[in-house]
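**Q** According to our numbering, the sequence shown holds residues 58 to 242 in order. Backbone N, C-alpha and C define an ideal beta-carbon position, used for all residues, glycine too.
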Amino acid sequence: MSTVLHGQEPTSNWVARWTHLLPAGCSVLDIACGHGRHMRHFAALDHPVTGVDRNPEAIAAVSSLGETICADIENGPWPLPGRTFGCVVVTNYLWRPLWPHILASLAPSGVLIYETFSNGNASVGKPSRPDFLLHQGELLNVCRDLRVVAFQEVFIPQPDRFVQRIVAVRETQDTETPVRYPLSN
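1. On the criterion of 16 or more Cβ atoms from any shown chain inside 10 Å, does Val211 qualify as buried, or is it exposed?
2. Strictly by DSSP, which residues pair up with Asp250?
3. Extract the residue ranges of the alpha helix (DSSP H) inside the segment 150-222, only unbroken runs of 4 or more that lie entirely within it.
4. For Arg186 and Ala101, what's the separation of their Cα atoms in angstroms?
5. Taking contact to mean at least 3 C-beta pairs separated by less than 8 angstroms, is the segment 88-108 in contact with the segment 199-211?
6. Using DSSP with H/G/I as helix, E/B as strand and the rest coil, what is Leu102?
7. Name the two residues that bound the continuous alpha helix (DSSP H) containing Asn70.
8. Thinking C-alpha only, which one of Gly167, Gln230 and Ser180 is nearest Pro216?
9. Using CA atoms only, rank isn't needed, just tell me which of Leu191, Leu163 and Pro184 is closest to Ser175.
10. Kindly list the residues whose CB is nearer than 6 angstroms to the CB of Met96, restricted to its own chain and excluding five residues on each side of it in sequence; keep chain order.
11. Return helix, strand or coil for Ala225, following the three-state DSSP convention.
12. Taking the C-alpha atoms as reference points, what is the distance between Thr68 and Tyr150?
13. Would DSSP call Thr79 helix, strand or coil?
14. Thinking Ile170 and Val224 are a contact (beta carbons under 8 angstroms), I'd like their distance in whole angstroms, please.
15. Pick from Arg222, Asn112 and Glu131: whose alpha carbon is nearest that of Thr125?
16. By how many angstroms is the C-alpha of Ala73 removed from the C-alpha of Glu172?
17. Would you kindly work out how many angstroms separate the C-alpha atoms of Pro154 and Ala81, rounded to a whole number?
18. Pick out whichever of Val145, Ala115 and Thr229 has its Cα sitting closest to the Cα of Val168.
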């Protein structure tokens with residue numbers, strides 16, 4: 058039985074479902090990118106991609122896709138101060154002290170696509186530590202200053218897991234032209 062490395066799984070259905078919200082050619086930041094499943098997805102759609110991960114082997118494996126940064130974002134400084142992206146993607150990762158950096162990395166009209174484990178997951182497997190599980194409605198609270206396009210707090214089978222996921226947009230200051238969010242494909 059072969060083991061699939063983090064980031065070699067297929068693109069998350071949640072990420073794929075909301076990709077159409079990104080303007081053509083906007084930059085994408087993949088936080089805790091692993092072996093780059095979402096970097097590959099967005100690079101194939103002609104988005105410039107940046108991946109951050111602490112695993113040097115994973116970063117080396119995706120270096121041909123775009124900009125890669127090997128950094129321990131839990132114990133070291135944020136490696137992208139002042140930089141913004143048209144999309145920030147985070148899946149299967151939670152480190153609450155990063156919330157200010159994640160939100161500050163969203164450009165005006167930038168799209169946040171976030172999906173990770175939530176309370177209840179300990180009953181079906183790992184992660185099980187409360188530090189790595191979102192509280193009920195936590196993503197809604199974190200994104201309260203963004204426009205929420207979609208939110209789910211669900212149980213997903215095969216493999217069994219409890220997740221919370223959100224798509225939210227940093228609205229522009231231009232109130233004359235409202236941002237339109239097309240329905241999914």
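**A** Once the coordinates are examined:
1. exposed
2. It is not possible to answer for residue 250, since the shown part of the chain is limited to 58 through 242.
3. Correct list: 156-161 and 195-199.
4. Ala101 has its alpha-carbon roughly 35 angstroms from the corresponding atom of Arg186.
5. No, the segment 88-108 does not touch the segment 199-211.
6. In this structure, DSSP gives Leu102 a state outside helix and strand, which the three-state scheme calls coil.
7. Asn70 to Trp75
8. Ser180
9. When C-alpha distances from Ser175 are compared across Leu191, Leu163 and Pro184, the shortest belongs to Leu191.
10. Asp87, Cys90, Val106, Gly108, Val119 and Leu122
11. strand
12. 15 angstroms
13. In the sequence as displayed, the identity of residue 79 is Leu instead of Thr. Note: Leu79 maps to coil in three-state DSSP.
14. 5 angstroms
15. Asn112
16. 12 angstroms
17. 31 angstroms
18. Val145
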